[in-house]
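To keep things clear, I will list the structure first and then write my remarks on it.
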Amino acid sequence: MSDDVKPVGVAVLGLGNVGSEVVRIIKDSADDLAARIGAPLALRGIGVRRVAPDRGVPVELLTDKVEELVSREDVDIVVELMGPVEPSRAAILTALEHGK
């Protein structure tokens, strides 16, 4: 893969059982995923209800400002795994408004 290929920015919303596994797959299967989609995936942030250092991921990836995360220019894809209708609905509507 060429070095000038722009990474695909990913925001994951939710870090429960499913969200944690998706984050693990993005990290552990980075080379395979990049080969399949033609560009590397870059995990830009993880939206959570509670930012805490004991979540099993670098704390700098965590944010409780979910709508800000999905609005970022460096986020191309939003993976919603939060569960409850709200705040999931609001986050997805914001993501769609920003072309995600």
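So in numbering that gives the first Met the number 0, spot 17 of the sequence shown is number 16, and the numbers just go up one at a time. Backbone N, C-alpha and C fix where the C-beta goes; we use that ideal spot for every residue, glycine too.
Should ARG88 be labelled buried (16 or more other beta-carbon atoms within 10 Å of its own) or exposed?
The residue is exposed, with fewer than 16 neighbouring Cβ atoms inside 10 Å.
Do VAL56 and VAL22 have their C-beta atoms closer together than 8 Å?
Yes, these two residues count as a Cβ contact at 8 Å.
How close, in whole Å, do the beta carbons of GLU72 and ALA90 come, if the pair is a contact with beta carbons under 8 Å?
With 8 Å as the limit, GLU72 and ALA90 do not qualify as a contact, their Cβ atoms being about 17 Å apart.
Can you tell me the Cα-Cα spacing of LEU12 and GLU66, whole angstroms?
In a straight line, the C-alpha of LEU12 is about 10 Å away from that of GLU66.
By DSSP's criteria, GLU79 is part of a beta bridge. Which residues make up the other side?
Bridge partners of GLU79: LEU12.
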